[in-house]
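Visitor: Take a look at the following structure, please.
In mature numbering (1 follows the signal peptide of the UniProt record, and there is no 0), the protein residues as written are -31 to -1, 1 to 429.
Right, here's the structure in full:
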């Protein structure tokens, strides 16, 4: 009994202390204000009303950065308006009633909706939102449990936090009512360590929209939203075990990971994320990585395509065969310096499932930069073509490209110009790249190509 009374008394004291801090403003200054943000009528403007211990504090107005972060911004807007109602689980897709459950002094006010996002499934990190920096307080940043696991939770930044740059999407900025967020953050001073977790002191009592803006009418916005809905629809049809396997590959920091942004007949249809099996196929994986990152620069004089960049940007998938392959490549040598050898380890990997990346060549150990995305198991290629990587996200994009063959003679598109890489890049080089055996293999092949030594065929 005494324990319960003591706990109740402690809670009252914390509540009184919180109210005192709220009224006095505390004694410690928060981080310096960020640059003044001008309203932009093309962008959505939404609001959140907040109360602390039942006392209304007022309203915050938030400008949503739809240009840079269309997915996160639209997700937030829909959770403010509540126009989607409840999801299939009966959870309300609205911020009303949500608590700021994690408050860290001079760092964040974190909260989230009952329903985990307006897309009803974890959605991708917006590339443009990842490029924005956590430079000052008042920014809104997505809270998640890992890359591409965004939902209904977010943080209001209370100061610079550059360790979050490139990991969490910035999608909004408070343009009015910053003092409300500051008052919420001061509640953290009631905790000995300046951290409140699972707190129910501060609550969003209502949320809504001031204006929709006009950016949602643009081609860029519509394509981004449609691409993500298609991605989620494909993932919802996959076995949980398979998604878990792909996630393990995605999270494997030892493997290089690269991406393609794909357009079909000029319309953006999504991003393909790929990991590279650099241990089994160091030459093919490194050649592909360099063509994605562009770091090798220009093709040197005296080689095919001299003066052009080593890059897949602008590449067309020129040979697409239904339920077999999406094949692409540039009219350039391998960035390793010519036609590189087959990787014995990659030849031992089987063409066992959709989404694998396989070297495309006309002769053994005459590899440039051409490749195929496998659309199905193809055992007849085992031991003949090097498998060097796998799609870990964006399978629906490869399938959508492959679907253009339906209704065509032989269900194939040859000399195809419809599917194109409009951007490519590298997420990470991976720690396996630095392993001695990998580096020695790449270095030896570069030296052989530089000296112009003849190909001895498949090497061992």
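For each residue, glycine too, the CB sits at the ideal point set by N, CA and C.
Taking just the CA atoms, how far does residue 416 sit from residue 259?
Guide: Locating residue 259 in the chain shown gives position 290, where the first residue counts as 1. Locating residue 416 in the chain shown gives position 447, where the first residue counts as 1. Straight through space, the alpha carbons of residue 416 and residue 259 are spaced by roughly 17 Å.
Visitor: Based on Cα-Cα distance, which residue from 268, 280, 348, 269 lies nearest to residue 257?
Guide: Here residue 257 is taken as the residue at index 288 of the chain shown, counted from 1. Comparing Cα-Cα distances from residue 257 to each of 268, 280, 348, 269, the minimum goes to 280.
Visitor: Roughly how many whole angstroms lie between the Cα atoms of residue -11 and residue 124?
Guide: Looking up residue -11 in the chain shown gives position 21. Looking up residue 124 in the chain shown gives position 155. Summary for residue -11: the model assigns pLDDT 44, below 50, so the residue's position carries little reliability, and this model does not support an answer.
Visitor: Below 8 Å on the Cβ atoms is my contact criterion, and I expect residue 92 with residue 98 to pass it. Report the Cβ-Cβ distance as a whole number of Å.
Guide: Start at 1 with the first residue of the chain shown, and residue 92 comes out as number 123. Start at 1 with the first residue of the chain shown, and residue 98 comes out as number 129. Not a contact, Cβ separation roughly 12 Å.
Visitor: Answer with buried or exposed for residue 377, where buried requires no fewer than 16 other C-beta atoms within 10 angstroms of its C-beta.
Guide: Taking the chain shown and counting its residues from 1, one reaches residue 377 at position 408. Residue 377 comes out exposed.
Visitor: The beta strand (DSSP E) that contains residue 396, what's its start and end?
Guide: If you number the chain shown from 1, residue 396 lands on position 427. From DSSP, the beta strand (DSSP E) with residue 396 extends over 388 to 397.
Visitor: Please state the DSSP three-state secondary structure of residue 313.
Guide: Residue numbering aside, residue 313 sits at position 344 when the chain shown is read from its first letter. It is helical.
Visitor: Assuming residue 35 and residue 13 form a contact by the criterion Cβ under 8 Å, report the distance between their Cβ atoms to the nearest whole angstrom.
Guide: Here the question's residue 35 lines up with position 66 in the chain shown. Here the question's residue 13 lines up with position 44 in the chain shown. Right, their Cβ atoms sit about 6 Å apart.
Visitor: Need the endpoints of the beta strand (DSSP E) that residue 359 sits in, please.
Guide: Here residue 359 refers to the residue found at position 390 of the chain shown. 356 to 362 is the extent of the beta strand (DSSP E) around residue 359.
Visitor: In whole angstroms, what separates the C-alpha of residue 410 from that of residue 420?
Guide: For this step, residue 410 is matched to residue 441 along the chain shown. For this step, residue 420 is matched to residue 451 along the chain shown. One C-alpha to the other measures close to 16 Å.
Visitor: Taking the straight line between their C-alpha atoms, what separation do you get for residue 308 and residue 366?
Guide: In the chain shown, the residue the question calls residue 308 occupies position 339. In the chain shown, the residue the question calls residue 366 occupies position 397. Roughly 29 Å separates the two Cα atoms.
Visitor: For a test of the three-state rule: what should DSSP assign to residue 369, helix, strand or coil?
Guide: Your numbering for residue 369 matches position 400 in the chain shown. Correct three-state label for residue 369: helix.
Visitor: Among the residues of its own chain, which have a CB less than 6 Å from the CB of residue 432, if the five just before and after it don't count?
Guide: Outside the shown range of the chain, which is -31 to 429, sits residue 432, and nothing can be said about it.
Visitor: Measuring alpha carbon to alpha carbon, tell me which residue in 103, 172, 158, 339 is nearest residue 29.
Guide: In the chain shown, the residue the question calls residue 29 occupies position 60. Here the closest residue by C-alpha is 172.
Visitor: Would you mind giving the Cβ-Cβ distance between residue 310 and residue 404, rounded to the nearest angstrom? I have them listed as a contact below 8 Å.
Guide: By one-based count along the chain shown, residue 310 stands at place 341. By one-based count along the chain shown, residue 404 stands at place 435. 19 Å between Cβ atoms; not a contact.
Visitor: Expressed to the nearest angstrom, what Euclidean distance is found between the alpha-carbon atoms of residue 293 and residue 75?
Guide: Walking along the chain shown from the start, residue 293 turns up at place 324. Walking along the chain shown from the start, residue 75 turns up at place 106. Taken atom to atom, the span from the alpha-carbon of residue 293 to that of residue 75 is near 55 Å.
Visitor: Using DSSP bridges, identify the partner residues of residue 268.
Guide: By 1-based counting over the chain shown, the position of residue 268 is 299. Paired residue(s): none; residue 268 is not in a bridge.
Visitor: For residue 303, which residues in the same chain have their Cβ closer than 7 Å to its Cβ, ignoring the five residues on either side in sequence?
Guide: Taking the first residue of the chain shown as 1, we reach residue 303 at position 334. Within the same chain, residue 303 has close Cβ partners 256, 309, 336, 337, 338.
Visitor: DSSP beta-bridge partners for residue 178?
Guide: Counted from its first residue, the chain shown places residue 178 at position 209. Partner(s): 15.
Visitor: Whole angstroms are fine: how far does the CA of residue 163 sit from the CA of residue -18?
Guide: In the chain shown, the residue the question calls residue -18 occupies position 14. In the chain shown, the residue the question calls residue 163 occupies position 194. Only weak support exists for where residue -18 lies, its pLDDT of 44 falling under 50; the coordinates are left without a value.
Visitor: So, for residue -5: in the same chain, excluding its five sequence neighbours on each side, which residues have a beta-carbon less than 6 Å away from its beta-carbon?
Guide: To locate residue -5, count along the chain shown from 1; it is residue 27. Since pLDDT at residue -5 reaches only 35, below the 50 mark, its modelled position is unreliable, and no value is offered.
Visitor: Sort 180, 90, 253, 106 by Cα distance to residue 204 and report the nearest one.
Guide: By 1-based counting over the chain shown, the position of residue 204 is 235. Among 180, 90, 253, 106, the Cα nearest to that of residue 204 is on 90.
Visitor: What do you reckon, are the CB atoms on residue 284 and residue 390 nearer than 9 Å?
Guide: Within the chain shown, residue 284 is the residue found at index 315, counting from 1. Within the chain shown, residue 390 is the residue found at index 421, counting from 1. In this structure, residue 390 lies closer than 9 Å to residue 284 by Cβ.
Visitor: Just confirm the distance between the C-beta atoms of residue 78 and residue 154, as a whole number of angstroms; I'd bet it's less than 8 Å.
Guide: Along the chain shown, one-based indexing puts residue 78 at 109. Along the chain shown, one-based indexing puts residue 154 at 185. Confirmed, Cβ separation roughly 5 Å.
Visitor: Please confirm whether residue 359 and residue 325 have their CB atoms less than 9 Å apart.
Guide: Locating residue 359 in the chain shown gives position 390, counting from the first residue. Locating residue 325 in the chain shown gives position 356, counting from the first residue. The answer is yes: Cβ separation under 9 Å.
Visitor: Compute the minimum distance between the beta carbon of residue 326 and the heavy atoms of the ligand ZN, and state whether it is under 8 Å.
Guide: In the structure on display, the ligand ZN does not appear, and there are no ligands present to speak of.
Visitor: I'd like the span of the alpha helix (DSSP H) that includes residue 295, first residue to last.
Guide: Position 326 of the chain shown, counted from the first residue, corresponds to residue 295. No alpha helix (DSSP H) holds residue 295; the beta strand (DSSP E) holding it covers 294 to 297.
Visitor: In the DSSP assignment, what residue or residues form a beta bridge with residue 334?
Guide: Working through the chain shown from its first residue, we reach residue 334 at position 365. In DSSP, residue 334 forms no bridge with anything.
Visitor: Judging by CA-CA distance, which residue of 273, 150, 236 is the nearest neighbour of residue 106?
Guide: Against the chain shown, residue 106 aligns to sequence position 137. Minimum Cα distance to residue 106 is reached at 150.
Visitor: If we ignore side chains and look at the alpha-carbon of each, how far apart do residue -3 and residue 128 end up?
Guide: One-based indexing of the chain shown puts residue -3 at position 29. One-based indexing of the chain shown puts residue 128 at position 159. Summary for residue -3: the model assigns pLDDT 35, below 50, so the residue's position carries little reliability; its value from the coordinates is reported in the next sentence. The alpha-carbon atoms of residue -3 and residue 128 are separated by roughly 11 Å.
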